[in-house]
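Peer 1: Which chain is which? The protein sequence lines are A and B, in order.
Under full-length UniProt numbering, think of the first position of the first sequence as 1, with each following residue one higher.
Under full-length UniProt numbering, think of the first position of the second sequence as 1, with each following residue one higher.
Virtual Cβ for every residue (Gly too), placed ideally from N, Cα, C.
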Amino acid sequence: MGEIHLTGHPASPGLAIGPVAVLTTEVAGRAEKGDPAQEAAALKAAIEGAAAELADLIATVHGEAAEILEFQVAMLGDDALAEGAYEAVAGGTAADEAWRAALEAEISGYRAADEEYFRARAADLVDIRDRVLAGLNGANTISEISGDSIVTGDDISPSTFLAVDWTRGGAIALASGSPSSHVAMLARSRGAPMVVGLGPLPWNGQPPSLALVDGDAGTVIFDPQPETRRLFEHRMAAATAAQIAVDAGRLKPALTADGKRIAVMLNVAAPEELASLDPAICDGIGLVRTEFLFEGSRGLPGEDAQYQVYRRILEWAEERPVTIRTLDAGGDKPIPGVTVDGERNPFLGLRGIRLSLARPEVFRVQLRALCRAAVHGTLKVMLPMVAVPSELDRANAMLGAEFAALSAEGIACARPPLGIMVEVPSAALCADDFDAAFYSIGSNDLTQYTMAAARDIGAVADLNDAGHPAVLALIARTVEAGLKRGVEVSLCGDAAADTRLTNALLATGLTILSVSPIAVARLKAAIAGVTA
Amino acid sequence: MHDANANRAAQSFAPLTASAVLVNPVGLHARPSVKLTQLAKGFTAKIEIALAAEGPWTDAKSPVKVMRVKAPQGATLHFRVNGPDAEAALAAMLALVHDGFGEA
Numbered sequence: 001m002g003e004i005h006l007t008g009h010p011a012s013p014g015l016a017i018g019p020v021a022v023l024t025t026e027v028a029g030r031a032e033k034g035d036p037a038q039e040a041a042a043l044k045a046a047i048e049g050a051a052a053e054l055a056d057l058i059a060t061v062h063g064e065a066a067e068i069l070e071f072q073v074a075m076l077g078d079d080a081l082a083e084g085a086y087e088a089v090a091g092g093t094a095a096d097e098a099w100r101a102a103l104e105a106e107i108s109g110y111r112a113a114d115e116e117y118f119r120a121r122a123a124d125l126v127d128i129r130d131r132v133l134a135g136l137n138g139a140n141t142i143s144e145i146s147g148d149s150i151v152t153g154d155d156i157s158p159s160t161f162l163a164v165d166w167t168r169g170g171a172i173a174l175a176s177g178s179p180s181s182h183v184a185m186l187a188r189s190r191g192a193p194m195v196v197g198l199g200p201l202p203w204n205g206q207p208p209s210l211a212l213v214d215g216d217a218g219t220v221i222f223d224p225q226p227e228t229r230r231l232f233e234h235r236m237a238a239a240t241a242a243q244i245a246v247d248a249g250r251l252k253p254a255l256t257a258d259g260k261r262i263a264v265m266l267n268v269a270a271p272e273e274l275a276s277l278d279p280a281i282c283d284g285i286g287l288v289r290t291e292f293l294f295e296g297s298r299g300l301p302g303e304d305a306q307y308q309v310y311r312r313i314l315e316w317a318e319e320r321p322v323t324i325r326t327l328d329a330g331g332d333k334p335i336p337g338v339t340v341d342g343e344r345n346p347f348l349g350l351r352g353i354r355l356s357l358a359r360p361e362v363f364r365v366q367l368r369a370l371c372r373a374a375v376h377g378t379l380k381v382m383l384p385m386v387a388v389p390s391e392l393d394r395a396n397a398m399l400g401a402e403f404a405a406l407s408a409e410g411i412a413c414a415r416p417p418l419g420i421m422v423e424v425p426s427a428a429l430c431a432d433d434f435d436a437a438f439y440s441i442g443s444n445d446l447t448q449y450t451m452a453a454a455r456d457i458g459a460v461a462d463l464n465d466a467g468h469p470a471v472l473a474l475i476a477r478t479v480e481a482g483l484k485r486g487v488e489v490s491l492c493g494d495a496a497a498d499t500r501l502t503n504a505l506l507a508t509g510l511t512i513l514s515v516s517p518i519a520v521a522r523l524k525a526a527i528a529g530v531t532a
Numbered sequence: 001m002h003d004a005n006a007n008r009a010a011q012s013f014a015p016l017t018a019s020a021v022l023v024n025p026v027g028l029h030a031r032p033s034v035k036l037t038q039l040a041k042g043f044t045a046k047i048e049i050a051l052a053a054e055g056p057w058t059d060a061k062s063p064v065k066v067m068r069v070k071a072p073q074g075a076t077l078h079f080r081v082n083g084p085d086a087e088a089a090l091a092a093m094l095a096l097v098h099d100g101f102g103e104a
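1. Does the region 8–25 of chain A come into contact with the region 55–66 of chain A, if we say contact requires no fewer than three beta-carbon pairs (one atom in each stretch) closer than 8 Å?
2. I'd like the list of long-range same chain contacts for residue 87/A, defined as Cβ closer than 7 Å, with 5 residues on each side in sequence excluded.
3. Are the Cβ atoms of residue 379/A and residue 322/A separated by less than 8 Å?
4. Is the Cβ of residue 37/B closer than 8 Å to any Cβ of chain A?
5. Which residues bound the alpha helix (DSSP H) around residue 311/A?
6. Kindly examine the ligand FMN and report whether one of its heavy atoms sits closer than 7 Å to the Cβ of residue 90/A.
7. Using a Cβ cut-off of 8 Å, pull out every chain B residue sitting near residue 185/A, in sequence order please.
8. Measure from the alpha carbon of residue 420/A to the alpha carbon of each residue in 394/A, 402/A and 384/A, then state which is nearest.
9. Determine the direct distance from the alpha carbon of residue 335/A to that of residue 98/B, and round the result to whole angstroms.
10. Could you work out which residue in 102/B, 75/B and 37/B is closest to residue 19/B when comparing CA atoms only?
11. Does the beta-carbon distance from residue 133/A to residue 153/A come in below 8 Å?
12. Can you list the residues of chain B that residue 417/A reaches, using a CB-CB cut of under 9 Å?
13. Do residue 54/A and residue 82/A come within 8 Å of each other at the CB atom, strictly closer than that value?
14. Label residue 241/A either buried or exposed according to how many other C-beta atoms from any shown protein chain fall within 10 Å of its C-beta, with 16 as the threshold for buried.
15. Can you tell me the Cα-Cα spacing of residue 243/A and residue 262/A, whole angstroms?
16. Closer than 8 Å by beta-carbon distance: list the chain B residues that pair up with residue 113/A, in chain order.
17. With a threshold of 8 Å between beta-carbons, can residue 30/B be considered close to chain A, or not?
18. Can you tell which of 172/A, 49/A and 93/A has the C-alpha that lies nearest to the C-alpha of residue 76/A?
19. Can you tell me whether DSSP reads residue 345/A as helix, strand or coil?
20. Three-state secondary structure (DSSP) at residue 6/B?
21. Only counting the same chain, and skipping five residues up and downstream in sequence, which positions put a Cβ closer than 7 Å to that of residue 444/A?
22. Under 9 Å between beta-carbons, which chain B residues line up against residue 336/A? List them in chain order, please.
23. Please list, in chain order, the chain A residues whose beta carbon lies closer than 8 Å to that of residue 15/B.
24. Go through the region 352–383 of chain A residue by residue and report every complete run of the beta strand (DSSP E) that reaches 3 residues or more, in order.
25. Threshold first: 3 residues or longer. Then list the beta strand (DSSP E) segments lying entirely within the region 427–505 of chain A, N to C.
26. For chain B, is any of its Cβ atoms less than 8 Å away from the one on residue 463/A?
27. Verify the CB distance criterion: does residue 63/B have a CB-CB separation below 8 Å to chain A?
28. Would residue 424/A and residue 386/A be called neighbours here (beta carbons separated by less than 8 Å)?
29. Output the boundary residues of the beta strand (DSSP E) element that contains residue 19/A.
30. Counting only beta-carbon atoms, is residue 312/A nearer than 8 Å to chain B?
31. From the beta carbon of residue 283/A, is the nearest beta carbon of chain E less than 8 Å away?
32. Pull out every residue of the region 84–106 of chain A whose Cβ sits closer than 9 Å to any Cβ of chain B, in chain order.
33. What residues of chain A sit near residue 81/B, judged by a beta carbon separation below 7 Å?
34. With 16 as the cutoff for other CB atoms within 10 Å, does residue 21/A come out buried or exposed?
35. Would you decide whether residue 10/A is buried or exposed? Buried here means 16 or more other CB atoms lie within 10 Å of its CB.
36. Leaving out five residues on either side along the sequence, give the residues of the same chain with a beta carbon under 8 Å from the beta carbon of residue 125/A.
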């Protein structure tokens, strides 16, 4: 028999090889049905039994897995879930049929959702449905699956996933499923490779005995030829060695293959993101987004509230430089009470520094909080969406005024250097006209304004290419201006984390890249492969 | 007579309303829904949510119903709260949303 190649979507990275375990869905009917009162009692007992089973299971897991099961417990504990089933039972339907029908209705509501995330919750409802059905029918739903297996089937429930010992190297290959499912999240955190959306699994009766799963490419090979298997095992060995090297490199400074030092910084929002991180993984914080402070409904954050947050971040960094971006509202980040509603084209409207200058009473509070925080570390402040030098000059004057006012009041403060984010092509083209203390390239907006294409509009998303020569030319021009003026240039957009672009970015002369914490190890490994 | 009294009792508390934008990554999904309903159940007031100021309103104490709302990130979540501890309930609910359900 020839090998079978199937292509789906990657849901959890990694490579695995193992015997195939096919998930079976048993549809055992109940032997006998009682009168409506007995059926209602049976359903109630099955629902309570399922909740008790889940509670036992929660006690054996923790973190994300426990939260996923707590969601199921909350749903089971809500009378609204079984309402329709009890009504049908009262009308003479058997408990299992009534429950199945009620849950099918609920599940189809999820499957019809617009958002992938909500569609993926259907798997949790299926899990709930089957656990209660198993209680009603007296069957044990979860068959024993050996942890080194390649688990295949249409979809897999969180309960089934949690019943398998994934430390033994297995993987998941699904005909349908979703990268947003709870199982996909669990698989990523436990390092189990997973591929979804393979389409109908092409065998009748006898399933294949062995499978190779490539969770990076989203492909699965069933019944591989010996040569295919040998090549795959070779790749697995190489990937394992590379992973060990990447993990070891996370705490080390980033160096290119020819020994050039590249600073790797972090992009963060709330200080909570830093709690579990060792500051030694980075050379500082290249971007602190402050929008989270302003979102929500309790009105704008006061000076003290902002100061406390900025101070915590600076203290975490232990004297490493921290670049805090002033409020970047507007565009895709509306903030009630601050941004303008109903702009015809918000990305070309009153956003970023334009909005801060238009709302000086809001901006001044942030500048004061920043001056006060500046005494707790190495703070730099950057302005988003700057298009012309006068915006920087006006902000600089306001910063100076607030610093002077604080000093006059005898409040501990320092004047942080003020730089600009380069994300409007005009700022990149005329970078050396700005009296900026540093430049930080925001590649997301720079790409969208240069290519005139938004990345969240599917029909034009392929035009939104940060690696396009036009975007790289603007980056190079900014780097040149920084060299000429003797100030630092960094890049803090998503392009920094895209390791396919690392070579091209470093070729522009950039020496500082800022990425989300999860991308640090990968970026450092990519930098090590570059000859600058 | 009985109904009239019930109405008067209900009217002694004017419903409070407010709204907040969902800032956490995937909207009012599984974990936030659980947190929201658990918090709501701690109050005696009737607490309802909606995606529009005019409703339709959903019982914020039912995780099944809250999940049916399928509120995405960026959506404005409206609250309508009625009962003796309505003020505290509303403040707590808004704080939870503002805090991104602790997911930042």
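Peer 2: On the basis of the data shown:
1. no
2. none
3. yes
4. yes
5. 303–317
6. The ligand FMN is not among the ligands present in this structure, which contains no ligands whatsoever.
7. Going along chain B, no residue has its Cβ under 8 Å from residue 185/A, so there is no contact; the nearest lies around 10 Å.
8. 384/A
9. 12 Å
10. 75/B
11. no
12. Those do not exist, as residue 417/A stays about 27 Å from chain B at its closest Cβ, beyond 9 Å.
13. no
14. exposed
15. 21 Å
16. 70
17. yes
18. 49/A
19. coil
20. Reliability of the predicted coordinates at residue 6/B is poor, the pLDDT of 41 falling under 50, and the value obtained from them is presented with this limitation in mind. Residue state, collapsed to three classes: helix.
21. 493 and 494
22. 19, 20, 21 and 76
23. Per Cβ cutoff of 8 Å: no residues; residue 15/B is ~17 Å from chain A at best.
24. 378–383
25. 438–441 and 488–491
26. no
27. yes
28. yes
29. 15–22
30. no
31. Considering every chain present, this structure includes no chain E. Its protein chains are A and B.
32. 106
33. Neighbours of residue 81/B on chain A: none; closest Cβ ~13 Å, over 7 Å.
34. buried
35. buried
36. 75, 103, 106, 107 and 110
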